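In my numbering, the protein residues as written are 40 to 483. Here a beta-carbon is modelled for each residue, glycine too, at the ideal position from N, C-alpha and C. This structure is a prediction, so every number in the text was calculated from the model and none was measured.
This is the structure in C-alpha coordinates:
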(Lines of atoms letter the chains of each structure in order from A and count residues from 1; the text may use other names and numbers.)
(Lines give C-alpha, C1' and ligand atoms only; values in the text may rest on other atoms or scores of the structure.)
Protein backbone atom coordinates (compact mmCIF):
# COMPACT_ATOMS: atom_id res chain seq x y z
CA UNK A 1 0.00 0.00 0.00
CA UNK A 2 1.35 3.39 -0.99
CA UNK A 3 1.92 5.98 1.75
CA UNK A 4 -0.66 8.80 1.79
CA UNK A 5 1.91 11.45 2.74
CA UNK A 6 4.27 10.38 -0.06
CA UNK A 7 1.45 10.57 -2.55
CA UNK A 8 0.18 13.94 -1.30
CA UNK A 9 3.66 15.44 -1.79
CA UNK A 10 3.44 14.60 -5.51
CA UNK A 11 0.05 16.21 -6.11
CA UNK A 12 0.20 19.92 -6.84
CA UNK A 13 -3.29 20.79 -8.07
CA UNK A 14 -5.58 19.58 -5.30
CA UNK A 15 -8.84 19.79 -7.18
CA UNK A 16 -10.55 16.56 -8.21
CA UNK A 17 -9.30 16.97 -11.77
CA UNK A 18 -5.79 17.78 -10.59
CA UNK A 19 -5.64 14.73 -8.33
CA UNK A 20 -6.75 12.38 -11.10
CA UNK A 21 -4.30 13.97 -13.58
CA UNK A 22 -1.39 13.67 -11.13
CA UNK A 23 -2.29 10.06 -10.39
CA UNK A 24 -2.48 9.23 -14.09
CA UNK A 25 0.95 10.79 -14.65
CA UNK A 26 2.50 8.82 -11.77
CA UNK A 27 0.98 5.58 -13.02
CA UNK A 28 1.97 6.23 -16.63
CA UNK A 29 5.59 6.94 -15.60
CA UNK A 30 5.79 3.75 -13.53
CA UNK A 31 6.33 5.49 -10.19
CA UNK A 32 3.11 3.81 -9.08
CA UNK A 33 3.12 0.33 -10.65
CA UNK A 34 0.14 -1.85 -11.44
CA UNK A 35 -1.07 -3.77 -8.40
CA UNK A 36 -0.33 -0.95 -5.96
CA UNK A 37 -2.95 -0.46 -3.28
CA UNK A 38 -3.89 3.21 -2.89
CA UNK A 39 -4.53 5.04 0.40
CA UNK A 40 -8.08 5.34 1.67
CA UNK A 41 -10.10 8.28 0.47
CA UNK A 42 -10.19 9.80 3.96
CA UNK A 43 -6.47 9.21 4.54
CA UNK A 44 -5.38 10.95 1.34
CA UNK A 45 -7.96 13.74 1.81
CA UNK A 46 -6.49 14.48 5.26
CA UNK A 47 -2.96 14.71 3.86
CA UNK A 48 -4.10 16.95 1.00
CA UNK A 49 -6.31 19.14 3.16
CA UNK A 50 -9.36 18.61 0.97
CA UNK A 51 -12.74 17.01 1.51
CA UNK A 52 -13.11 13.23 1.08
CA UNK A 53 -15.62 13.96 -1.71
CA UNK A 54 -12.88 15.63 -3.77
CA UNK A 55 -10.67 12.53 -3.61
CA UNK A 56 -13.67 10.26 -4.21
CA UNK A 57 -14.49 12.18 -7.41
CA UNK A 58 -10.88 11.75 -8.58
CA UNK A 59 -11.04 8.01 -7.85
CA UNK A 60 -14.29 7.79 -9.83
CA UNK A 61 -12.60 9.40 -12.84
CA UNK A 62 -9.70 6.96 -12.61
CA UNK A 63 -12.08 4.00 -12.39
CA UNK A 64 -14.04 5.24 -15.39
CA UNK A 65 -10.86 5.23 -17.46
CA UNK A 66 -9.86 1.83 -16.04
CA UNK A 67 -6.73 3.16 -14.38
CA UNK A 68 -7.74 1.85 -10.94
CA UNK A 69 -10.19 -0.75 -9.69
CA UNK A 70 -12.26 -0.89 -6.51
CA UNK A 71 -11.72 -4.29 -4.91
CA UNK A 72 -13.84 -5.19 -1.91
CA UNK A 73 -11.12 -6.49 0.41
CA UNK A 74 -8.04 -4.70 -0.93
CA UNK A 75 -9.57 -1.28 -1.46
CA UNK A 76 -8.61 0.73 -4.55
CA UNK A 77 -5.85 -0.91 -6.60
CA UNK A 78 -3.94 0.40 -9.62
CA UNK A 79 -4.65 -1.46 -12.87
CA UNK A 80 -2.21 0.41 -15.12
CA UNK A 81 -2.00 3.38 -17.50
CA UNK A 82 -5.12 4.48 -19.39
CA UNK A 83 -5.94 1.99 -22.12
CA UNK A 84 -8.63 1.21 -24.65
CA UNK A 85 -11.03 -1.33 -23.16
CA UNK A 86 -11.31 -4.54 -25.17
CA UNK A 87 -14.75 -5.85 -26.16
CA UNK A 88 -14.19 -9.03 -24.17
CA UNK A 89 -17.54 -10.60 -25.04
CA UNK A 90 -17.33 -9.89 -28.76
CA UNK A 91 -13.69 -10.83 -29.37
CA UNK A 92 -13.19 -14.41 -30.39
CA UNK A 93 -11.86 -16.76 -27.71
CA UNK A 94 -10.10 -20.01 -28.59
CA UNK A 95 -7.91 -21.23 -31.40
CA UNK A 96 -9.03 -24.20 -33.44
CA UNK A 97 -6.12 -24.26 -35.88
CA UNK A 98 -6.86 -26.60 -38.79
CA UNK A 99 -9.52 -28.54 -36.87
CA UNK A 100 -12.33 -26.04 -37.41
CA UNK A 101 -14.89 -27.84 -39.55
CA UNK A 102 -17.84 -25.50 -39.03
CA UNK A 103 -18.17 -22.08 -37.44
CA UNK A 104 -21.49 -21.64 -35.66
CA UNK A 105 -20.17 -18.77 -33.53
CA UNK A 106 -20.59 -15.89 -36.00
CA UNK A 107 -24.08 -15.08 -37.27
CA UNK A 108 -22.89 -13.43 -40.48
CA UNK A 109 -24.90 -13.16 -43.68
CA UNK A 110 -24.26 -15.71 -46.42
CA UNK A 111 -22.34 -13.94 -49.22
CA UNK A 112 -24.15 -16.12 -51.77
CA UNK A 113 -27.49 -14.63 -50.65
CA UNK A 114 -26.44 -10.96 -50.86
CA UNK A 115 -27.29 -8.81 -53.89
CA UNK A 116 -24.49 -7.91 -56.35
CA UNK A 117 -23.06 -4.44 -55.80
CA UNK A 118 -21.56 -3.57 -59.19
CA UNK A 119 -24.57 -1.71 -60.61
CA UNK A 120 -25.34 -0.17 -57.21
CA UNK A 121 -21.80 1.18 -56.80
CA UNK A 122 -21.88 2.56 -60.32
CA UNK A 123 -25.14 4.33 -59.45
CA UNK A 124 -23.55 5.59 -56.22
CA UNK A 125 -20.61 7.04 -58.14
CA UNK A 126 -23.08 9.17 -60.10
CA UNK A 127 -24.42 10.76 -56.91
CA UNK A 128 -24.97 14.53 -57.16
CA UNK A 129 -22.30 16.73 -55.53
CA UNK A 130 -19.74 13.91 -55.56
CA UNK A 131 -16.60 14.94 -53.62
CA UNK A 132 -18.30 18.03 -52.22
CA UNK A 133 -17.08 18.64 -48.67
CA UNK A 134 -20.55 19.62 -47.51
CA UNK A 135 -21.62 17.19 -44.82
CA UNK A 136 -24.66 15.32 -46.05
CA UNK A 137 -26.06 13.24 -43.22
CA UNK A 138 -28.43 11.39 -45.58
CA UNK A 139 -28.70 11.83 -49.34
CA UNK A 140 -32.06 12.72 -50.92
CA UNK A 141 -32.11 9.37 -52.74
CA UNK A 142 -31.55 7.34 -49.59
CA UNK A 143 -34.08 9.41 -47.64
CA UNK A 144 -36.67 8.75 -50.34
CA UNK A 145 -35.87 5.03 -50.24
CA UNK A 146 -36.11 4.51 -46.46
CA UNK A 147 -38.90 6.89 -45.41
CA UNK A 148 -41.81 4.86 -46.85
CA UNK A 149 -40.83 1.79 -44.80
CA UNK A 150 -40.04 3.58 -41.56
CA UNK A 151 -42.54 2.43 -38.91
CA UNK A 152 -43.21 5.92 -37.52
CA UNK A 153 -42.68 9.56 -38.59
CA UNK A 154 -38.96 10.37 -38.31
CA UNK A 155 -38.12 14.08 -38.60
CA UNK A 156 -34.50 13.19 -37.82
CA UNK A 157 -32.67 10.88 -40.26
CA UNK A 158 -28.97 10.25 -40.77
CA UNK A 159 -26.60 7.41 -41.62
CA UNK A 160 -23.89 5.69 -39.58
CA UNK A 161 -21.24 3.07 -40.21
CA UNK A 162 -23.36 0.06 -39.29
CA UNK A 163 -25.95 -0.81 -36.69
CA UNK A 164 -23.73 -1.09 -33.64
CA UNK A 165 -22.03 2.21 -34.42
CA UNK A 166 -25.46 3.78 -34.64
CA UNK A 167 -26.53 2.40 -31.26
CA UNK A 168 -23.20 3.40 -29.73
CA UNK A 169 -23.55 6.98 -30.99
CA UNK A 170 -27.10 7.34 -29.71
CA UNK A 171 -26.17 5.97 -26.28
CA UNK A 172 -23.12 8.23 -26.04
CA UNK A 173 -25.26 11.29 -26.64
CA UNK A 174 -28.02 10.39 -24.18
CA UNK A 175 -26.05 8.99 -21.23
CA UNK A 176 -22.92 9.98 -19.30
CA UNK A 177 -20.72 7.49 -17.43
CA UNK A 178 -22.59 6.21 -14.42
CA UNK A 179 -26.02 6.68 -15.98
CA UNK A 180 -28.35 3.69 -16.04
CA UNK A 181 -29.40 2.15 -19.35
CA UNK A 182 -32.17 -0.47 -19.40
CA UNK A 183 -31.46 -3.38 -21.74
CA UNK A 184 -33.34 -6.56 -22.56
CA UNK A 185 -31.73 -9.66 -21.07
CA UNK A 186 -30.18 -11.61 -22.74
CA UNK A 187 -29.03 -9.33 -25.53
CA UNK A 188 -26.24 -8.85 -28.05
CA UNK A 189 -22.78 -9.44 -26.60
CA UNK A 190 -21.40 -6.53 -28.56
CA UNK A 191 -24.04 -4.17 -27.15
CA UNK A 192 -23.04 -5.11 -23.60
CA UNK A 193 -19.38 -4.42 -24.45
CA UNK A 194 -20.33 -1.01 -25.85
CA UNK A 195 -22.36 0.02 -22.80
CA UNK A 196 -19.72 -1.19 -20.34
CA UNK A 197 -17.00 0.70 -22.24
CA UNK A 198 -19.14 3.84 -21.94
CA UNK A 199 -19.35 3.37 -18.18
CA UNK A 200 -23.10 2.76 -18.12
CA UNK A 201 -24.85 0.88 -15.37
CA UNK A 202 -26.83 -1.80 -17.18
CA UNK A 203 -30.33 -2.54 -15.85
CA UNK A 204 -31.75 -5.85 -17.15
CA UNK A 205 -35.24 -6.22 -18.59
CA UNK A 206 -36.60 -9.77 -18.91
CA UNK A 207 -38.20 -10.89 -22.18
CA UNK A 208 -40.62 -13.50 -23.47
CA UNK A 209 -41.75 -14.51 -26.96
CA UNK A 210 -43.43 -11.10 -27.52
CA UNK A 211 -40.46 -8.97 -26.48
CA UNK A 212 -39.57 -7.09 -23.29
CA UNK A 213 -41.95 -7.93 -20.44
CA UNK A 214 -43.97 -4.98 -19.07
CA UNK A 215 -43.52 -5.89 -15.38
CA UNK A 216 -39.77 -6.13 -15.79
CA UNK A 217 -39.59 -2.86 -17.74
CA UNK A 218 -41.65 -1.12 -15.04
CA UNK A 219 -39.15 -2.28 -12.42
CA UNK A 220 -36.23 -1.05 -14.56
CA UNK A 221 -37.90 2.34 -15.15
CA UNK A 222 -38.17 2.86 -11.40
CA UNK A 223 -34.38 3.28 -11.36
CA UNK A 224 -34.60 6.23 -13.81
CA UNK A 225 -32.60 4.98 -16.82
CA UNK A 226 -31.50 7.50 -19.42
CA UNK A 227 -32.35 5.07 -22.22
CA UNK A 228 -34.06 1.77 -22.90
CA UNK A 229 -32.31 -0.26 -25.63
CA UNK A 230 -34.03 -3.27 -27.17
CA UNK A 231 -34.33 -5.19 -30.45
CA UNK A 232 -37.81 -5.03 -32.00
CA UNK A 233 -37.37 -8.16 -34.18
CA UNK A 234 -34.99 -11.07 -34.85
CA UNK A 235 -33.70 -10.52 -31.32
CA UNK A 236 -30.15 -11.60 -30.58
CA UNK A 237 -29.87 -14.23 -29.17
CA UNK A 238 -33.45 -15.47 -28.54
CA UNK A 239 -35.02 -14.65 -31.90
CA UNK A 240 -38.30 -13.19 -30.66
CA UNK A 241 -40.13 -10.22 -32.16
CA UNK A 242 -42.22 -7.41 -30.69
CA UNK A 243 -45.97 -7.72 -31.18
CA UNK A 244 -48.28 -4.70 -31.64
CA UNK A 245 -49.99 -5.40 -28.31
CA UNK A 246 -46.70 -5.56 -26.45
CA UNK A 247 -45.49 -2.36 -28.15
CA UNK A 248 -48.60 -0.56 -26.87
CA UNK A 249 -48.10 -1.91 -23.34
CA UNK A 250 -44.45 -0.84 -23.26
CA UNK A 251 -45.31 2.60 -24.62
CA UNK A 252 -47.87 3.11 -21.84
CA UNK A 253 -45.16 2.45 -19.26
CA UNK A 254 -42.59 4.61 -21.02
CA UNK A 255 -44.90 7.59 -21.65
CA UNK A 256 -44.48 9.23 -18.21
CA UNK A 257 -40.76 8.35 -17.94
CA UNK A 258 -37.89 10.58 -19.03
CA UNK A 259 -36.26 7.72 -20.92
CA UNK A 260 -35.22 7.62 -24.58
CA UNK A 261 -36.32 4.49 -26.45
CA UNK A 262 -33.54 3.11 -28.68
CA UNK A 263 -34.62 0.38 -31.10
CA UNK A 264 -31.80 -1.74 -32.53
CA UNK A 265 -33.06 -3.36 -35.75
CA UNK A 266 -29.82 -5.21 -36.49
CA UNK A 267 -31.22 -7.84 -38.87
CA UNK A 268 -33.39 -5.37 -40.75
CA UNK A 269 -34.88 -6.62 -44.00
CA UNK A 270 -33.38 -10.09 -43.53
CA UNK A 271 -35.94 -10.55 -40.75
CA UNK A 272 -39.17 -12.43 -41.37
CA UNK A 273 -41.07 -10.38 -38.78
CA UNK A 274 -42.84 -7.08 -39.50
CA UNK A 275 -41.29 -3.86 -38.24
CA UNK A 276 -43.31 -3.21 -35.07
CA UNK A 277 -42.13 -0.17 -33.10
CA UNK A 278 -42.79 1.65 -29.83
CA UNK A 279 -42.23 4.74 -31.98
CA UNK A 280 -45.72 4.42 -33.42
CA UNK A 281 -46.93 5.42 -29.93
CA UNK A 282 -44.01 7.63 -28.78
CA UNK A 283 -42.49 9.15 -31.94
CA UNK A 284 -41.00 12.07 -30.01
CA UNK A 285 -39.13 9.77 -27.63
CA UNK A 286 -37.97 6.98 -29.95
CA UNK A 287 -34.92 6.48 -32.17
CA UNK A 288 -34.73 3.46 -34.48
CA UNK A 289 -31.34 2.23 -35.74
CA UNK A 290 -31.78 -0.03 -38.78
CA UNK A 291 -28.82 -1.88 -40.23
CA UNK A 292 -28.60 -3.00 -43.87
CA UNK A 293 -25.49 -5.14 -43.42
CA UNK A 294 -27.22 -8.53 -43.19
CA UNK A 295 -29.73 -7.84 -45.95
CA UNK A 296 -27.78 -5.82 -48.51
CA UNK A 297 -24.08 -6.22 -47.68
CA UNK A 298 -21.69 -5.72 -44.75
CA UNK A 299 -19.24 -3.74 -46.90
CA UNK A 300 -21.80 -1.03 -47.48
CA UNK A 301 -21.26 -0.27 -43.74
CA UNK A 302 -24.55 1.59 -43.47
CA UNK A 303 -27.26 1.88 -40.88
CA UNK A 304 -29.93 4.55 -40.85
CA UNK A 305 -30.77 6.32 -37.59
CA UNK A 306 -34.25 7.78 -37.63
CA UNK A 307 -36.65 9.18 -35.09
CA UNK A 308 -37.14 12.14 -32.80
CA UNK A 309 -35.35 15.24 -34.08
CA UNK A 310 -33.42 16.23 -30.94
CA UNK A 311 -31.59 12.96 -30.20
CA UNK A 312 -30.78 12.44 -33.89
CA UNK A 313 -29.38 15.97 -34.05
CA UNK A 314 -27.15 15.19 -31.06
CA UNK A 315 -25.76 12.23 -32.99
CA UNK A 316 -25.08 14.48 -35.98
CA UNK A 317 -23.13 16.87 -33.76
CA UNK A 318 -21.13 14.02 -32.23
CA UNK A 319 -20.26 12.64 -35.67
CA UNK A 320 -19.01 16.07 -36.71
CA UNK A 321 -15.96 15.53 -34.49
CA UNK A 322 -14.97 12.54 -36.66
CA UNK A 323 -16.04 11.37 -40.10
CA UNK A 324 -18.92 13.85 -40.26
CA UNK A 325 -20.93 11.91 -42.84
CA UNK A 326 -21.13 8.58 -44.60
CA UNK A 327 -19.83 8.39 -48.17
CA UNK A 328 -22.43 9.63 -50.65
CA UNK A 329 -21.35 6.80 -52.95
CA UNK A 330 -22.30 4.19 -50.38
CA UNK A 331 -25.51 5.99 -49.43
CA UNK A 332 -26.72 6.16 -53.01
CA UNK A 333 -25.55 2.61 -53.69
CA UNK A 334 -27.87 1.47 -50.91
CA UNK A 335 -30.63 3.74 -52.24
CA UNK A 336 -30.25 2.05 -55.65
CA UNK A 337 -30.55 -1.40 -54.05
CA UNK A 338 -33.61 -0.45 -52.02
CA UNK A 339 -35.39 0.87 -55.11
CA UNK A 340 -34.37 -1.99 -57.41
CA UNK A 341 -37.09 -4.68 -57.83
CA UNK A 342 -34.60 -7.44 -58.64
CA UNK A 343 -32.70 -6.70 -55.43
CA UNK A 344 -35.96 -6.90 -53.53
CA UNK A 345 -36.47 -10.41 -54.92
CA UNK A 346 -32.94 -11.42 -53.87
CA UNK A 347 -33.48 -10.13 -50.33
CA UNK A 348 -36.83 -11.94 -50.14
CA UNK A 349 -35.18 -15.23 -51.20
CA UNK A 350 -32.43 -14.70 -48.63
CA UNK A 351 -35.02 -14.03 -45.91
CA UNK A 352 -36.82 -17.28 -46.74
CA UNK A 353 -33.57 -19.25 -46.93
CA UNK A 354 -32.35 -18.02 -43.55
CA UNK A 355 -35.69 -18.98 -42.02
CA UNK A 356 -35.56 -22.43 -43.61
CA UNK A 357 -32.02 -23.08 -42.33
CA UNK A 358 -32.88 -21.95 -38.81
CA UNK A 359 -36.10 -23.94 -38.68
CA UNK A 360 -34.48 -27.08 -40.13
CA UNK A 361 -31.88 -27.23 -37.38
CA UNK A 362 -34.47 -26.31 -34.73
CA UNK A 363 -36.74 -29.14 -35.88
CA UNK A 364 -33.86 -31.62 -35.92
CA UNK A 365 -32.87 -30.61 -32.39
CA UNK A 366 -36.48 -30.82 -31.17
CA UNK A 367 -36.63 -34.41 -32.45
CA UNK A 368 -33.61 -35.09 -30.22
CA UNK A 369 -35.13 -33.50 -27.14
CA UNK A 370 -33.43 -30.09 -27.40
CA UNK A 371 -36.02 -27.29 -27.45
CA UNK A 372 -35.23 -23.90 -28.98
CA UNK A 373 -37.60 -20.95 -29.22
CA UNK A 374 -36.19 -18.71 -31.95
CA UNK A 375 -38.83 -17.77 -34.51
CA UNK A 376 -36.78 -15.17 -36.38
CA UNK A 377 -33.16 -14.23 -37.03
CA UNK A 378 -29.93 -15.96 -37.97
CA UNK A 379 -29.33 -18.10 -34.89
CA UNK A 380 -30.67 -20.49 -32.25
CA UNK A 381 -30.53 -20.09 -28.47
CA UNK A 382 -29.82 -23.61 -27.26
CA UNK A 383 -30.19 -24.67 -23.61
CA UNK A 384 -27.43 -27.01 -22.40
CA UNK A 385 -26.68 -28.79 -19.14
CA UNK A 386 -23.22 -27.23 -18.80
CA UNK A 387 -21.88 -24.45 -21.02
CA UNK A 388 -18.17 -25.33 -20.73
CA UNK A 389 -18.75 -29.04 -21.30
CA UNK A 390 -20.92 -28.30 -24.34
CA UNK A 391 -18.30 -26.00 -25.86
CA UNK A 392 -15.54 -28.56 -25.30
CA UNK A 393 -17.61 -31.36 -26.84
CA UNK A 394 -18.30 -29.30 -29.96
CA UNK A 395 -14.71 -28.08 -30.19
CA UNK A 396 -13.45 -31.67 -30.04
CA UNK A 397 -15.38 -32.25 -33.27
CA UNK A 398 -14.14 -29.02 -34.87
CA UNK A 399 -17.30 -26.99 -34.26
CA UNK A 400 -17.15 -23.45 -32.89
CA UNK A 401 -20.09 -22.04 -30.92
CA UNK A 402 -20.69 -18.92 -28.86
CA UNK A 403 -21.11 -19.31 -25.07
CA UNK A 404 -24.47 -18.04 -23.90
CA UNK A 405 -22.96 -16.35 -20.84
CA UNK A 406 -21.60 -13.61 -23.11
CA UNK A 407 -25.13 -12.51 -23.87
CA UNK A 408 -26.57 -12.55 -20.36
CA UNK A 409 -26.70 -9.67 -17.88
CA UNK A 410 -28.13 -11.83 -15.12
CA UNK A 411 -27.15 -15.53 -15.35
CA UNK A 412 -30.28 -17.47 -16.34
CA UNK A 413 -29.10 -20.97 -17.12
CA UNK A 414 -26.40 -22.31 -19.46
CA UNK A 415 -26.93 -21.82 -23.18
CA UNK A 416 -25.07 -21.81 -26.48
CA UNK A 417 -25.78 -19.40 -29.30
CA UNK A 418 -25.53 -21.20 -32.63
CA UNK A 419 -25.45 -19.29 -35.92
CA UNK A 420 -27.66 -20.85 -38.60
CA UNK A 421 -27.16 -18.40 -41.46
CA UNK A 422 -24.46 -20.45 -43.20
CA UNK A 423 -25.44 -24.01 -42.37
CA UNK A 424 -25.00 -25.00 -46.01
CA UNK A 425 -21.23 -24.59 -45.50
CA UNK A 426 -21.01 -27.43 -42.98
CA UNK A 427 -19.42 -30.69 -44.13
CA UNK A 428 -21.74 -32.51 -41.70
CA UNK A 429 -25.18 -33.67 -42.85
CA UNK A 430 -27.84 -31.88 -40.81
CA UNK A 431 -28.86 -35.01 -38.84
CA UNK A 432 -25.23 -35.62 -37.88
CA UNK A 433 -24.80 -32.01 -36.78
CA UNK A 434 -28.02 -32.18 -34.73
CA UNK A 435 -26.78 -35.41 -33.11
CA UNK A 436 -23.56 -33.67 -32.12
CA UNK A 437 -25.33 -30.60 -30.67
CA UNK A 438 -27.76 -32.80 -28.74
CA UNK A 439 -24.80 -34.77 -27.37
CA UNK A 440 -23.12 -31.52 -26.28
CA UNK A 441 -26.34 -30.31 -24.63
CA UNK A 442 -26.84 -33.38 -22.43
CA UNK A 443 -25.58 -33.62 -18.85
CA UNK A 444 -22.42 -35.69 -18.32
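Taking the alpha helix (DSSP H) that residue i falls in, what are its first and last residues?
{"i": "residue 110", "result": "Counting along the chain, residue 110 falls outside any alpha helix (DSSP H), though it belongs to the beta strand (DSSP E) covering 107 to 110."}
{"i": "residue 373", "result": "367 to 378"}
{"i": "residue 431", "result": "426 to 435"}
{"i": "residue 256", "result": "253 to 260"}
{"i": "residue 92", "result": "91 to 103"}
{"i": "residue 58", "result": "55 to 68"}
{"i": "residue 233", "result": "228 to 236"}
{"i": "residue 285", "result": "283 to 293"}
Indicate whether residue i and residue j have their beta-carbon atoms separated by less than 8 angstroms.
{"i": "residue 258", "j": "residue 281", "result": "no"}
{"i": "residue 327", "j": "residue 181", "result": "no"}
{"i": "residue 342", "j": "residue 204", "result": "yes"}
{"i": "residue 153", "j": "residue 458", "result": "no"}
{"i": "residue 293", "j": "residue 317", "result": "yes"}
{"i": "residue 166", "j": "residue 368", "result": "yes"}
{"i": "residue 371", "j": "residue 183", "result": "no"}
{"i": "residue 278", "j": "residue 412", "result": "yes"}
{"i": "residue 89", "j": "residue 377", "result": "no"}
{"i": "residue 147", "j": "residue 346", "result": "no"}
{"i": "residue 251", "j": "residue 449", "result": "no"}
{"i": "residue 276", "j": "residue 103", "result": "no"}
Can you give me the Cβ contacts of residue i inside the same chain, cut-off strictly under 6 angstroms, excluding the 5 residues immediately before and after it?
{"i": "residue 273", "result": "306, 310, 415 and 416"}
{"i": "residue 479", "result": "429, 432 and 433"}
{"i": "residue 116", "result": "76, 108 and 110"}
{"i": "residue 355", "result": "176 and 197"}
{"i": "residue 270", "result": "303"}
{"i": "residue 334", "result": "307, 308, 309 and 386"}
{"i": "residue 359", "result": "none"}
{"i": "residue 159", "result": "372, 375 and 376"}
By Cβ distance, which residues of its chain are closer than 8 angstroms to residue i, with the 5 residues on each side in sequence left out?
{"i": "residue 483", "result": "424, 425 and 428"}
Check the DSSP bridge columns for residue i and list the partner residues they point to.
{"i": "residue 303", "result": "328"}
{"i": "residue 201", "result": "DSSP, once it has assigned bridges, lists no residue as partnering residue 201."}
{"i": "residue 115", "result": "109"}
{"i": "residue 247", "result": "250"}
{"i": "residue 441", "result": "456"}
{"i": "residue 50", "result": "None; residue 50 has no bridge partner."}
{"i": "residue 77", "result": "DSSP, once it has assigned bridges, lists no residue as partnering residue 77."}
Could you work out which residue in the options is closest to residue i when comparing CA atoms only?
{"i": "residue 297", "options": "291, 412, 266 and 243", "result": "266"}
{"i": "residue 290", "options": "357, 403 and 254", "result": "254"}
{"i": "residue 200", "options": "468, 366 and 320", "result": "366"}
{"i": "residue 304", "options": "363, 206, 391 and 242", "result": "206"}
{"i": "residue 453", "options": "96, 463 and 441", "result": "441"}
{"i": "residue 122", "options": "463, 106 and 56", "result": "106"}
{"i": "residue 406", "options": "353, 464, 419 and 477", "result": "477"}
{"i": "residue 42", "options": "68, 57, 63 and 80", "result": "80"}
{"i": "residue 63", "options": "321, 401, 96 and 120", "result": "120"}
{"i": "residue 112", "options": "128, 168, 40 and 151", "result": "40"}
{"i": "residue 402", "options": "245, 421 and 323", "result": "421"}
In chain order, what residues of the same chain lie with their CB nearer than 7 angstroms to the CB of residue i, ignoring the 5 residues before and after it?
{"i": "residue 65", "result": "49 and 71"}
{"i": "residue 352", "result": "195"}
For the beta strand (DSSP E) containing residue i, list its first residue and its last residue.
{"i": "residue 420", "result": "418 to 422"}
{"i": "residue 346", "result": "342 to 346"}
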